[in-house]
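Chemist: Residue numbers (our numbering): -13 to 325.
To start, I am sharing the structure in question, which I have written as structure tokens.
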């Protein structure tokens, strides 16, 4: 017996003894010690250690905590998915719209805020679709109407006497007719609905290279004998034909390489030309844009080859990029989704 302990855990608490002695002990915790004071001023120190794990409430508390934590985690996952689900849908719809203005509309369902946003998105999509159709229709109409005066001018030029003026006029009319024909083809390709089907991209590229070889053009193909993508075969053939024709016309050669990447077909077209200045590499994809060095009748270009190719490739969910090779020449890199 002695003075009361100054700290520690209180395991048992003994009530102050009545009539000179403690009469009972109350349990307040699972482990520790207790102090009791007798009437004569003496203290009784009683220590009762308990083994770890003998607490009655600790296992129940731990189990309850785990259950509540699991429920909270599941509720959080559900709430996050419910909140981000519409965002993923909007992101996918925006990607589809960027590749094809005639992509299907968003479903207008869900909470009122989501329905309002989907309705606004569909309205924007419809306005873009009408704008593209109107622009394409207008360009096609203008190009078609130009054929008549060009034909009349050609007839008059044919009736002129032989000489430099007649030769120059006929050459100008030939260039105008090529531009009109290219514009009509560009507008037609941009407006028509593409039919998607499996396309053997390797076979398509090998056929274009073989055509170049048959025409005496320097050509080469490296890649698998077969590789399938999904798309419009005619549009893809026209796109890659334009790329190879540019390589032959401005670079003197077209070397094509194909390989299957991570979920995409990767096509590379190299030539031996002077390349394109980096500052101009985005501009050459604009319709009717030509570099100053290529504005000659010898090349025969009207500035729609790369624009047509990019339009078709983007419509298939792909990408196209230009780069100058360190050893000289231009490299055109194209990726298309496999499937």
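Beta carbons are placed, not taken as given, at the ideal position from N, Cα and C, and that holds for glycine.
What you are looking at is a predicted structure, and each value in this text was computed from that prediction instead of being measured.
Taking DSSP's pairing of strands, which residues face residue 319 in a bridge?
Modeler: Partner(s): 254, 307.
Chemist: Pair every Cβ in the stretch 217 to 237 with every Cβ in the stretch 303 to 320, then say whether three or more of these pairs are closer than 8 Å.
Modeler: Contact holds: three or more Cβ-Cβ distances are below 8 Å.
Chemist: Please classify residue 303: is it buried, with 16 or more other beta-carbons within 10 angstroms of its beta-carbon, or exposed?
Modeler: Under this definition residue 303 is a buried residue.
Chemist: For residue 201, count the other beta carbons within 10 Å of its own beta carbon; 16 or more makes it buried, fewer makes it exposed. Which is it?
Modeler: Exposed: under 16 other Cβ atoms inside 10 Å.
Chemist: Could you give the DSSP three-state label for residue 211: helix, strand or coil?
Modeler: Looking at residue 211 - three-state DSSP - the assignment turns out to be coil, as it is neither helix nor strand.
Chemist: Per DSSP, which one or two residues make a beta bridge with residue 185?
Modeler: In the DSSP output, where bridge partners are listed per residue, residue 185 has 215.
Chemist: Measuring only the C-alpha atoms, how far is residue 133 from residue 294?
Modeler: Each residue's alpha carbon lies about 21 Å from the other.
Chemist: Residue 73 by DSSP, collapsed to three states: which one?
Modeler: The answer is helix: DSSP assigns residue 73 an H, G or I state.
Chemist: Can you check whether the CB of residue 189 is closer than 8 Å to the CB of residue 205?
Modeler: Taking 8 Å as the Cβ cut-off, residue 205 and residue 189 do not qualify as a contacting pair.
Chemist: Using only alpha-carbon positions, find the residue among 118, 218, 264 that is nearest to residue 307.
Modeler: Measuring from the Cα of residue 307, the nearest candidate turns out to be 264.
Chemist: When you compare the CB positions of residue 250 and residue 208, do they come within less than 8 Å of one another, or not?
Modeler: The answer is no: Cβ separation not under 8 Å.
Chemist: Could you say which of 92, 168, 156 lies nearest to residue 126 if we only look at CA atoms?
Modeler: Comparing Cα positions, the closest option is 168.
Chemist: Between the stretch 78 to 93 and the stretch 52 to 67, do three or more beta carbon pairs fall short of 8 Å?
Modeler: Because the criterion of three Cβ pairs below 8 Å is not met, the stretch 78 to 93 and the stretch 52 to 67 do not touch.
Chemist: Strictly by DSSP, which residues pair up with residue 203?
Modeler: Answer is none; residue 203 lacks a bridge partner.
Chemist: Would you check if the distance between the CB atom of residue 140 and the CB atom of residue 170 is smaller than 8 Å?
Modeler: No, these two residues do not count as a Cβ contact at 8 Å.
Chemist: Label residue 49 either buried or exposed according to how many other C-beta atoms from any shown protein chain fall within 10 Å of its C-beta, with 16 as the threshold for buried.
Modeler: Result: exposed.
Chemist: For the beta strand (DSSP E) containing residue 242, name the first residue and the last one.
Modeler: Start and end: 240 to 246.
Chemist: In three-state DSSP terms, what is residue 324?
Modeler: If DSSP states are grouped into helix, strand and coil, residue 324 belongs with the strands.
Chemist: Near residue 258, which residues of its chain fall below 7 Å by C-beta distance, leaving aside the five closest residues on each side in sequence?
Modeler: 237, 238, 239, 314, 315.
Chemist: Among the candidates 296, 107, 270, 187, whose CA atom is the shortest distance from the CA of residue 95?
Modeler: Cα-wise, what sits closest to residue 95 is 107.
Chemist: With DSSP run on the structure shown, which of helix, strand or coil describes residue 91?
Modeler: Coil at residue 91, not helix or strand.
Chemist: Check this for me: beta carbons of residue 320 and residue 292, under 8 Å apart or not?
Modeler: No, the pair does not count as a contact, with Cβ atoms beyond the cut-off.
Chemist: Based on Cα-Cα distance, which residue from 64, 147, 89 lies nearest to residue 301?
Modeler: When each option's Cα is compared against that of residue 301, the closest is 89.
Chemist: DSSP three-state call for residue 262: helix, strand or coil?
Modeler: In this structure, residue 262 counts as coil in the three-state DSSP scheme.
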